[in-house]
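Take the position in the sequence shown, starting the count at 1, then add 1; the result is the number in the working numbering.
By construction, the Cβ of each residue, glycine as well, lies at the ideal position given by its N, Cα and C atoms.
To start, the structure itself, in structure tokens.
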Amino acid sequence: MVDDNFIGNKKELKEEILPAMEEWQAERRFPFCFNTQASINLADDEELLKSMVRVGFESVFVGIETPHEESLSECSKVQNKNRDLIASVKKIQRHGLQVQGGFILGFDHDPPTIFERQIEFIQKSGIVTAMVGLLNVLKGTKLYQRMEKEGRILAESRGNNTDQQINYRPKMPWESLLKGYNKVMTTIYAPKYFYQRVKEFLQEYNPPKGRKLHPRLYHLPAFFKALFIIGIWGEERSYFWRLIGWSLFKKPQVFPLAITYTIYGFHFRKVFLEQAEPERVPLTFPDTSPV
Numbered sequence: 002m003v004d005d006n007f008i009g010n011k012k013e014l015k016e017e018i019l020p021a022m023e024e025w026q027a028e029r030r031f032p033f034c035f036n037t038q039a040s041i042n043l044a045d046d047e048e049l050l051k052s053m054v055r056v057g058f059e060s061v062f063v064g065i066e067t068p069h070e071e072s073l074s075e076c077s078k079v080q081n082k083n084r085d086l087i088a089s090v091k092k093i094q095r096h097g098l099q100v101q102g103g104f105i106l107g108f109d110h111d112p113p114t115i116f117e118r119q120i121e122f123i124q125k126s127g128i129v130t131a132m133v134g135l136l137n138v139l140k141g142t143k144l145y146q147r148m149e150k151e152g153r154i155l156a157e158s159r160g161n162n163t164d165q166q167i168n169y170r171p172k173m174p175w176e177s178l179l180k181g182y183n184k185v186m187t188t189i190y191a192p193k194y195f196y197q198r199v200k201e202f203l204q205e206y207n208p209p210k211g212r213k214l215h216p217r218l219y220h221l222p223a224f225f226k227a228l229f230i231i232g233i234w235g236e237e238r239s240y241f242w243r244l245i246g247w248s249l250f251k252k253p254q255v256f257p258l259a260i261t262y263t264i265y266g267f268h269f270r271k272v273f274l275e276q277a278e279p280e281r282v283p284l285t286f287p288d289t290s291p292v
């Protein structure tokens, strides 16, 4: 469901949209599953969480941005402040929704420790799909207006915050920012850390009642391909088999998800390595010396 914040109008959502969706789905034996984007305060509304899961929502993208309070103030992410973000994420997971998280590095208030803090947060939260990007300042925002007055805007944003490019002069030295970003990415998608995070999520996650995660026949080719490419040839094969064994014997209802996430991890590592090719690392902008 394409919406920057699906829960922006809770009253209409609860009274009209979700009931209509549930009725339509039930009449057709729930042919579709959904994902959407919402703010972290979704965790504060158990009734809404349960309703979304009944309708068929499987995952929700949440803009976490950063665990650093001052940086949250900088990007006006007020709903993320003064709360236990990890507890909020886990509450959503326990209700049967997978949380995909967006994270940003490069805020003026980011301390040198921000990279380790982002890694720690992502691992403890069990957010398997962690989309980490470098700050790109968008035109029309208060942040853009402030940086433009300070003479720090170098170019218009290209709309891609994962290509290791920025469009402003950061306060942190560019080399430190890029090195830290690469450290975060190479850590969280390294097999050891990725598989730890998958298990952290699966331990917390409660599959929706009444809709078991049974694999279907059309999943079999992908399953056997994963066994061969990841389980036999992959550098992560030892982690793969440990996760598969754990899910089969400890929590078999999440076995299909375990397989799915091993494929995700393989894909994420491949994509990041392509983005981190040496010729793509240097900035194309004229001056990124810190302010």
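One or two residues paired with residue i in a DSSP bridge
i: A131; result: G102
i: G64; result: G103
i: I154; result: Y169
i: F58; result: F35
Per-residue burial, residue i [other beta carbons within 10 Å of its own, 16 or more giving buried]
i: F7; result: buried
i: R281; result: Residue placement at R281 is flagged as unreliable, the pLDDT there being 47, under the threshold of 50; the coordinate-derived value follows with that caveat. So R281 counts as exposed.
i: E66; result: buried
i: K12; result: exposed
i: P287; result: The pLDDT assigned to P287 is 36, lower than 50, so where the model puts this residue is not dependable; a value taken from the coordinates is nonetheless given after this. P287 is exposed by the Cβ-count criterion.
i: N207; result: exposed
i: V138; result: buried
i: F104; result: buried
i: I41; result: buried
i: E176; result: exposed
i: P192; result: buried
i: R95; result: exposed
i: R29; result: exposed
i: S239; result: exposed
i: P279; result: Only weak support exists for where P279 lies, its pLDDT of 45 falling under 50; the coordinates are left without a value.
i: F229; result: exposed
Top-ranked residue by Cα proximity to residue i, from the options
i: P257; options: H268, V272, E236 and A227; result: A227
i: K172; options: F202, T188 and P112; result: P112
i: Y262; options: I245, F273 and Q276; result: I245
i: Q165; options: P174, L136, Y145 and T142; result: L136
i: V90; options: L50, K184, G232 and M148; result: L50
i: V100; options: L86, D109, V185 and G107; result: L86
i: N168; options: L178, R153 and L179; result: R153
i: L155; options: N162, N161 and Y145; result: Y145
Extent of the continuous alpha helix (DSSP H) to which residue i belongs
i: F33; result: Counting along the chain, F33 falls outside any alpha helix (DSSP H), and DSSP gives it neither H nor E.
i: F122; result: I115 to S126
i: Q94; result: L86 to R95
i: S74; result: E70 to E75
i: L274; result: F256 to Q276
| query | Can you list, in chain order, the stretches of the alpha helix (DSSP H) that have 4 or more residues and sit fully within the segment 178–249? | reply | Correct list: 192–205 and 221–229.
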